[in-house]
Amino acid sequence: MKRSKCQSRDVEQLQAECRRKDRCIQALTLEMSQLREGCYKVQARTSAPTVHADMTEEENENLPHLVRDDFATRGMAQEK
1 MKRSKCQSRD VEQLQAECRR KDRCIQALTL EMSQLREGCY KVQARTSAPT VHADMTEEEN
61 ENLPHLVRDD FATRGMAQEK
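The sequence shown begins at 1 in UniProt numbering and counts up by one.
See the structure below:
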């Protein structure tokens with residue numbers, strides 16, 4: 001069955017709209033991926049202390065406990 005000129009125009013318009021929406025979806029997907037990556041970087045920086053090269057492995061392993069103890073000590077000092 002042959003398409004009429006009107007039907008062909010409608011099909012072309014729909015295809016063009018689909019391409020525009022596909023580009024928009026791709027851009028949003030890329031932006032979402034970049035935002036997610038940024039969030040992971042921020043979470044990594046805030047949740048885990050960094051490893052310090054000048055410290056021994058044992059000192060680095062104990063660092064989270066030392067940081068927690070230090071925050072607890074400072075919190076108690078501020079309350080007084």
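All C-beta atoms in this analysis are idealised placements derived from N, C-alpha and C, irrespective of residue type, glycine included.
Item, Value
"C-alpha distance - arginine 45 paired with arginine 36, whole-angstrom precision", "14 Å"
"Threonine 29 (DSSP reduced to helix, strand or coil)", "helix"
"Threonine 29 versus aspartate 22: straight-line alpha-carbon distance, rounded", "10 Å"
"Inter-residue spacing [alpha-carbon to alpha-carbon] between glutamate 31 and arginine 19", "18 Å"
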